[in-house]
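Here's the structure, in structure tokens; my notes come after.
2 protein chains.
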Amino acid sequence: MNIVLLSGGSGKRLWPLSNDIRSKQFIKIFKQEDGSYESMVQRVYRQIKKVDADATVTIATSKTQVSAIHNQLGDEVGISVEPCRRDTFPAIALATAYLVDVMHIDPEESVVVCPVDPYVEDEYFEALKGLSVQADKGEANLVLMGIEPTYPSEKYGYIIPETADQTARVKTFKEKPTVDVAKEYIAQGALWNGGVFAYKLKYVMEIARRLVDFTDYYDLFRKYDTLTKTSFDYAVVEKEEKIQVQRFAGQWKDLGTWNTLTEAMEDAVIGKGELNSTCSSVHIINEMDVPVLAMGLHDVVISASPEGILVSDKEQSSYIKPFVDRLEQQIMFAEKSWGSFRVIDVETESMTIKVTLNTGHSMNYHSHKNRDEVWVVISGQGKTIVDGMEQKVRAGDVITMSAGCRHTVMAETELKLIEVQLGEDINVHDKQKYELEY
Amino acid sequence: MNIVLLSGGSGKRLWPLSNDIRSKQFIKIFKQEDGSYESMVQRVYRQIKKVDADATVTIATSKTQVSAIHNQLGDEVGISVEPCRRDTFPAIALATAYLVDVMHIDPEESVVVCPVDPYVEDEYFEALKGLSVQADKGEANLVLMGIEPTYPSEKYGYIIPETADQTARVKTFKEKPTVDVAKEYIAQGALWNGGVFAYKLKYVMEIARRLVDFTDYYDLFRKYDTLTKTSFDYAVVEKEEKIQVQRFAGQWKDLGTWNTLTEAMEDAVIGKGELNSTCSSVHIINEMDVPVLAMGLHDVVISASPEGILVSDKEQSSYIKPFVDRLEQQIMFAEKSWGSFRVIDVETESMTIKVTLNTGHSMNYHSHKNRDEVWVVISGQGKTIVDGMEQKVRAGDVITMSAGCRHTVMAETELKLIEVQLGEDINVHDKQKYELEY
Chain A
13 MNIVLLSGGS
23 GKRLWPLSND
33 IRSKQFIKIF
43 KQEDGSYESM
53 VQRVYRQIKK
63 VDADATVTIA
73 TSKTQVSAIH
83 NQLGDEVGIS
93 VEPCRRDTFP
103 AIALATAYLV
113 DVMHIDPEES
123 VVVCPVDPYV
133 EDEYFEALKG
143 LSVQADKGEA
153 NLVLMGIEPT
163 YPSEKYGYII
173 PETADQTARV
183 KTFKEKPTVD
193 VAKEYIAQGA
203 LWNGGVFAYK
213 LKYVMEIARR
223 LVDFTDYYDL
233 FRKYDTLTKT
243 SFDYAVVEKE
253 EKIQVQRFAG
263 QWKDLGTWNT
273 LTEAMEDAVI
283 GKGELNSTCS
293 SVHIINEMDV
303 PVLAMGLHDV
313 VISASPEGIL
323 VSDKEQSSYI
333 KPFVDRLEQQ
343 IMFAEKSWGS
353 FRVIDVETES
363 MTIKVTLNTG
373 HSMNYHSHKN
383 RDEVWVVISG
393 QGKTIVDGME
403 QKVRAGDVIT
413 MSAGCRHTVM
423 AETELKLIEV
433 QLGEDINVHD
443 KQKYELEY
Chain B
13 MNIVLLSGGS
23 GKRLWPLSND
33 IRSKQFIKIF
43 KQEDGSYESM
53 VQRVYRQIKK
63 VDADATVTIA
73 TSKTQVSAIH
83 NQLGDEVGIS
93 VEPCRRDTFP
103 AIALATAYLV
113 DVMHIDPEES
123 VVVCPVDPYV
133 EDEYFEALKG
143 LSVQADKGEA
153 NLVLMGIEPT
163 YPSEKYGYII
173 PETADQTARV
183 KTFKEKPTVD
193 VAKEYIAQGA
203 LWNGGVFAYK
213 LKYVMEIARR
223 LVDFTDYYDL
233 FRKYDTLTKT
243 SFDYAVVEKE
253 EKIQVQRFAG
263 QWKDLGTWNT
273 LTEAMEDAVI
283 GKGELNSTCS
293 SVHIINEMDV
303 PVLAMGLHDV
313 VISASPEGIL
323 VSDKEQSSYI
333 KPFVDRLEQQ
343 IMFAEKSWGS
353 FRVIDVETES
363 MTIKVTLNTG
373 HSMNYHSHKN
383 RDEVWVVISG
393 QGKTIVDGME
403 QKVRAGDVIT
413 MSAGCRHTVM
423 AETELKLIEV
433 QLGEDINVHD
443 KQKYELEY
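First to last, the protein sequences are chains A and B. To convert, note that position 254 of the first sequence is 266 in my numbering; the numbers rise steadily by one, no gaps. To convert, note that position 123 of the second sequence is 135 in my numbering; the numbers rise steadily by one, no gaps.
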């Protein structure tokens, strides 16, 4: 099975655990059997591999997520990187071209496209296989998943099938309705549209070539910023006559808000925290090193990270976005392909950061125009290169780097260091990358 | 007027803003006219000086609070330091001997003793003057303040006066009663005992000499750990026949819990924080650099500091102590006489601290047996002395100190530095102090 997982969104509705560079799908919130926690993207990837060990998984996403994806899923997973945001049709077209031209998959094969963040069980991935098999048959150009509604939701679009069969032709699509209208749809046998569908690669390649003049994936990638923003629904789904839907009646949850996310949490507390006995329906998700104590609360979610602290009534938590939009957006924590960093102190003319490099990884070789830096290695070992000079380093070693000097650090074991940045104009964009000459 | 302010308690009930070394009286929570915040001890000290600019103020406290007192009140204030905890009679006797033998105040003069943390207005300090004047007259050996009850509280002891006059002889004392008993007391004209009283210095000196064999303050200080733990109430008040009470009907609040403390806050939010419009009666006291967002809460206090995060129903907040007792007690923040420090990162074999030195101040000259240290100066200027070697330092300078090496830093301007401690056994008690030879 070929799968494209659409991984988008800045996920402000799960602030302070998500931010501009860490979307909700990367928050480690689901308890595993060994007691550790995995993220939505890790959970979905593990589930796919369990149902189909040979599945080709490609994640369609933006540049900002590439580091976090490699950090959480390793280097095996395919990534189709959108050079900029151009809505779902260009993103899906690019991922399709990536499968054909980079992964060299036969255009006659089908692919299943679905969001990266549904909270589902293995049966869902079995259903995805069903979509793929149906698309292979060629009875229709597009095969959608129709989710059996459990309540008359206003949050989803609806698909009305021609019959109540497991696989049926689509009669029509309906926009997100009011509750009353949703009830009518459901009475007519309507299904939720979860944005999951399968098609043969050649099908979307043909449509893309009709709409855009390009030779192959690389050419499309280069021209990406000139493409018109269009949704896949508008460009493809609504115009297609040969379209089927397959029913899915298993568990399917969209964990987009704290309210729904906490419902999927096995433990009431993740991280350091305690609820006293007068609390009811309270969840704590704490990524800080210090404890959270909750007393006498009801239906409240508390979430703390280096970015901030949210304390919200669960219902109210879905209205968080405008508040987060107004907050200063200094990134205090990020997962990178080589490890992670965390801002631990900010002053007018300095910034102190804790850097963790994973074993065998290194930063880019880079320099800064307007700041000096000092590294104090606090654990592990590795080597630094500063203006071409290599040096073995271990806990206790101090490296000073003036503005302009090129530097990197390579971790032989997991390596942690405190980085002090000094200068009048400290700025994440002040970074020049270089190739390392060996 | 001579005043002794009793400054005690570890104040766990205001966790996470108070801890083993920062008691509640040092939390900056009261808004001043210029928009900055002052602590209880700063507020009380300012109020005393306003009512009586020449007042001799002495704070009776333990060693752990000396740094914070100098940091908040400067070097002018007198401090009588208890070498160890021995309850209120030894503490008051020591402070009395301090006034006589160190401050050289005439033993015929009177002194007013009161807690450091009442939330009161200027009229209260006028009333203290009244107590002092009454004690000077010598009609009684002890003159207590009796606070007009505003409700039948179970939290206070009661004083029953012989008459309803402004100044009256005390008929009897009553322990903390139940509400119903409190009502009866109040019907009899009882007053709250706020632990405020005045006496002539010689009076307590004589009692102390009767109970303890000592020559002067210095001798008493040396013998302090051999003294029996006794309360002033038991050793003095309950045995005294010549005892009066003066009525006080002004504002008097005991801000011992988050519930009562938030009532005295002028703004709903101190520090970075925001309440959405569906919050009611919510207070945020945030000492962290990152924002707190509260949504849809009612009657809740949220308090965040480098020690932890409390989210509590206001009523419930008075039951916090057992939870805090169980928490690990790593001190993450402290005010010292020379400035302050804050722990910003903790690892198994390293600890990173941000140190702020006030202009003109320096640390003790000291060394550590089991850890190396690195300083990175991030702002200001001054000089370091490392094993006798002086060096001018400014932002960007790095000083490395091996275990055993003696070091200090002196701030010529306000000076901030990041200190990285490295070693297998990092411990606050691993510190040897030395005299600096010039």
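Beta carbons are placed, not taken as given, at the ideal position from N, Cα and C, and that holds for glycine. Model, not experiment: these values are computed from the prediction.
Chain A contact residues for residue i, given Cβ-Cβ distances below 8 Å
{"i": "residue 24 of chain B", "result": "The premise fails here: residue 24 of chain B is roughly 12 Å from chain A at the closest Cβ pair, so nothing lies under 8 Å."}
{"i": "residue 29 of chain B", "result": "Residues of chain A passing the Cβ test: none, with the nearest at roughly 13 Å."}
Chain-ordered chain A contacts of residue i [CB-CB under 7 Å]
{"i": "residue 384 of chain B", "result": "408"}
{"i": "residue 266 of chain B", "result": "The contacting residues do not exist; residue 266 of chain B stays about 21 Å from chain A at best."}
{"i": "residue 316 of chain B", "result": "321"}
{"i": "residue 432 of chain B", "result": "388, 390 and 430"}
{"i": "residue 412 of chain B", "result": "410"}
Range covered by the beta strand (DSSP E) that runs through residue i
{"i": "residue 206 of chain A", "result": "203–212"}
{"i": "residue 70 of chain B", "result": "68–74"}
{"i": "residue 301 of chain B", "result": "That residue, residue 301 of chain B, is in no beta strand (DSSP E); it is neither H nor E in DSSP."}
{"i": "residue 82 of chain A", "result": "Per DSSP, residue 82 of chain A belongs to no beta strand (DSSP E); it is in the alpha helix (DSSP H), 78–85."}
{"i": "residue 197 of chain B", "result": "Element bounds for residue 197 of chain B: not the beta strand (DSSP E) but the alpha helix (DSSP H), 191–199."}
{"i": "residue 14 of chain B", "result": "14–18"}
Test item: CB-CB of residue i and residue j under 8 Å
{"i": "residue 261 of chain B", "j": "residue 434 of chain A", "result": "no"}
{"i": "residue 60 of chain A", "j": "residue 73 of chain A", "result": "no"}
{"i": "residue 321 of chain B", "j": "residue 302 of chain A", "result": "yes"}
{"i": "residue 78 of chain B", "j": "residue 93 of chain B", "result": "yes"}
{"i": "residue 326 of chain A", "j": "residue 271 of chain A", "result": "yes"}
{"i": "residue 315 of chain B", "j": "residue 343 of chain B", "result": "no"}
{"i": "residue 255 of chain B", "j": "residue 154 of chain B", "result": "yes"}
{"i": "residue 166 of chain B", "j": "residue 202 of chain B", "result": "no"}
{"i": "residue 281 of chain B", "j": "residue 323 of chain A", "result": "no"}
{"i": "residue 69 of chain A", "j": "residue 53 of chain A", "result": "no"}
{"i": "residue 109 of chain A", "j": "residue 232 of chain A", "result": "yes"}
{"i": "residue 430 of chain A", "j": "residue 364 of chain A", "result": "yes"}
{"i": "residue 198 of chain B", "j": "residue 186 of chain B", "result": "no"}
Neighbouring residues, chain B, relative to residue i (Cβ below 7 Å)
{"i": "residue 451 of chain A", "result": "Because residue 451 of chain A is not part of the residues shown, which for chain A are 13 to 450, the question remains open."}
{"i": "residue 325 of chain A", "result": "307, 308 and 309"}
{"i": "residue 339 of chain A", "result": "303"}
Within chain B, partners of residue i - CB distance below 8 Å
{"i": "residue 328 of chain A", "result": "288, 290, 307 and 308"}
{"i": "residue 460 of chain A", "result": "Residue 460 of chain A falls outside the range modelled here, since chain A spans only 13 to 450, and no answer is possible."}
{"i": "residue 87 of chain A", "result": "The contacting residues do not exist; residue 87 of chain A stays about 27 Å from chain B at best."}
{"i": "residue 331 of chain A", "result": "288 and 307"}
{"i": "residue 356 of chain A", "result": "356, 357 and 364"}
{"i": "residue 344 of chain A", "result": "302"}
Chain A residues whose Cβ lies nearer than 9 Å to that of residue i
{"i": "residue 320 of chain B", "result": "284, 300, 302, 303, 304 and 305"}
Where the alpha helix (DSSP H) containing residue i begins and where it ends
{"i": "residue 31 of chain A", "result": "Unbroken run through residue 31 of chain A: none, as it is neither H nor E."}
{"i": "residue 54 of chain B", "result": "52–63"}
{"i": "residue 116 of chain B", "result": "Taken as a continuous stretch (DSSP letters only), residue 116 of chain B belongs to no alpha helix (DSSP H), as it is neither H nor E."}
{"i": "residue 109 of chain A", "result": "100–109"}
{"i": "residue 152 of chain A", "result": "Here residue 152 of chain A belongs to no alpha helix (DSSP H), and DSSP marks it neither H nor E."}
{"i": "residue 25 of chain A", "result": "No alpha helix (DSSP H) contains residue 25 of chain A, which DSSP labels as neither H nor E."}
Contacts that residue i makes with chain B (C-beta to C-beta distance below 9 Å)
{"i": "residue 39 of chain A", "result": "Here the premise fails: no neighbours, minimum Cβ distance about 17 Å."}
Between the segment 204–215 of chain A and chain B, which residues of the former have a C-beta closer than 7 Å to a C-beta of the latter?
none
Kindly confirm or deny that the segment 230–244 of chain A and the segment 101–119 of chain A touch, where touching means at least three C-beta pairs closer than 8 Å.
yes
Is it a yes or a no for the segment 306–315 of chain A touching the segment 271–291 of chain A, going by three-plus beta-carbon pairs under 8 Å?
yes
Within the chosen definition, does the segment 351–367 of chain A reach the segment 327–347 of chain B through at least 3 CB pairs nearer than 8 Å?
no
Does the structure place the segment 132–142 of chain A close enough to the segment 50–68 of chain A that three or more beta carbon pairs sit under 8 Å?
yes
Quick one: any contact between the segment 259–273 of chain B and the segment 102–121 of chain B, if contact means 3 or more CB pairs under 8 Å?
no
Interface residues of the segment 436–447 of chain B facing chain A [CB-CB below 7 Å]:
none
Quick check: the segment 440–448 of chain B against the segment 373–381 of chain B, are there 3 or more CB pairs under 8 Å?
yes
For the segment 225–236 of chain A against the segment 150–169 of chain A, do three or more pairs of beta-carbon atoms, one drawn from each stretch, fall closer than 8 Å, so that the two count as touching?
no
What residues in the segment 365–399 of chain B bring their beta carbon closer than 7 Å to a beta carbon of chain A?
366, 384, 386, 388, 390 and 391
Say whether the segment 411–421 of chain A touches the segment 13–22 of chain B, bearing in mind that this needs 3 or more beta-carbon pairs closer than 8 Å, one atom from each stretch.
no
Do the segment 264–284 of chain B and the segment 25–37 of chain B meet, that is, are 3 or more Cβ pairs less than 8 Å apart?
yes
Evaluate the contact criterion for the segment 174–187 of chain A versus the segment 206–220 of chain A: three or more CB pairs, one atom per stretch, below 8 Å.
no
May I ask you to list, following chain order, the residues of the segment 177–194 of chain B that have a beta carbon less than 8 Å from some beta carbon of chain A?
none
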